[in-house]
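Taking the UniProt record's numbering, the leading residue of the sequence shown gets 1, the next gets one more, and so forth. Where is the CB? At the ideal position from N, CA and C, for every residue including glycine.
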Amino acid sequence: MTDHPLDTKGLQCPLPVLRARKAIRAIAVGDTLTVEATDPGARKDFPAFCEATGNRLLSVGEDDGILRFVIERTA
């Protein structure tokens with residue numbers, strides 16, 4: 001399993017999710033995508049994104065205003 005970082009800090013909705021959608025298609029099933037975002041709306045956008053795409057949201061964290069989502073590609 002390989003982790004792939006995606007920096008979407010400074011981008012506003014819907015760009016973080018759109019970039020994540022593109023990035024997750026480019027990684028292998030079983031790999032993870034770690035998205036860093038500053039858009040407060042990402043807190044609800046990424047769980048909805050994972051539910052809609054069938055991928056697994058492994059963790060959500062926040063450090064100094066930076067949201068971090070770890071998503072496993074399962075679909």
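Three-state class that DSSP yields for residue i in the structure shown
i	result
D45	helix
P5	strand
T38	coil
L11	coil
Residue i burial status per 10 Å Cβ neighbour count (16 or more: buried)
i	result
P40	exposed
T74	exposed
E72	buried
V17	buried
Cβ-Cβ separation, residue j to residue i (assumed contact under 8 angstroms), whole Å
i	j	result
T38	G10	6 angstroms
Span of the beta strand (DSSP E), counted from its first residue to its last, around residue i
i	result
I66	I66 to E72
V29	Taken as a continuous stretch (DSSP letters only), V29 belongs to no beta strand (DSSP E), as it is neither H nor E.
Minimum C-alpha distance to residue i - residue among the options
i	options	result
D63	A26, E36 and A42	E36
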